[in-house]
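Counting from 0, one number per residue, gives the positions in the sequence shown under numbering that gives the first Met the number 0.
Right, one structure below, let's go through it.
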Amino acid sequence: MIRTIHFALPLTLALSVITSPVVAGGDPTVGKEKSTLCAGCHGADGNSANPQFPILAGQYPEYLIRALMDYKSGARNNPIMKGISTGLSPDDMRDLAAYFASQPSALSSPTTW
């Protein structure tokens with residue numbers, strides 16, 4: 000039993016790092032500079048005024064990174080986001096996710112209730 004634990008724990012940790020090439024930890028300042036294309040649909044701060052486009056502000060960075068990776072790989076189907084994500088590097092994704100995650104979401108603002 001203890002041998003299994005000593006083997007399984009390091010293996011699990013190693014696999015989690017290997018299978019997740021992009022992790023949170025980007026630079027929100029750099030992400031803001033890179034977000035000009037995003038602003039057209041999602042708003043300058045990630046609070047889209049159009050309900051057709053998701054609000055990115057206040058989202059978990061890991062979620063945003065995963066979504067971008069899935070658009071890039073084709074796991075999520077949206078032709079516009081596929082085109083945009085294709086040009087993003089893992090660093091770009093981390094930076095954008097850090098920026099939008101750091102913005103307050105209009106959905107969580109008590110003044111909009």
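The beta carbon of each residue, even a glycine, is placed where N, CA and C say it ideally should be.
Contact between S84 and K71 is confirmed by a C-beta separation of about 4 angstroms, below the 8 angstroms threshold. In its chain, beyond the 5 residues on either side, D94, A97, Y98, A100 and S101 have a beta carbon closer than 8 angstroms to the beta carbon of P27. L87: not part of any alpha helix (DSSP H); DSSP gives it neither H nor E. Taken through DSSP and simplified to helix, strand or coil, L95 comes out as helix. Contact annotation, K33 with D91: C-beta distance approximately 6 angstroms; criterion of less than 8 angstroms satisfied. For the 8 angstroms CB-CB criterion, H41 and L63 do not form a contact.
At the C-beta level, S104 and N46 come within 8 angstroms of one another. Rounded to whole angstroms, the gap between the alpha carbons of P60 and F52 is 18 angstroms. Annotation for G25: P60, D90, M92, R93, D94, L95, A96, A97 and Y98 place their beta carbon closer than 8 angstroms to its own, counting only its chain and skipping 5 residues before and after. Inter-residue distance for V29 and L36 is about 14 angstroms (C-alpha atoms, whole angstroms).
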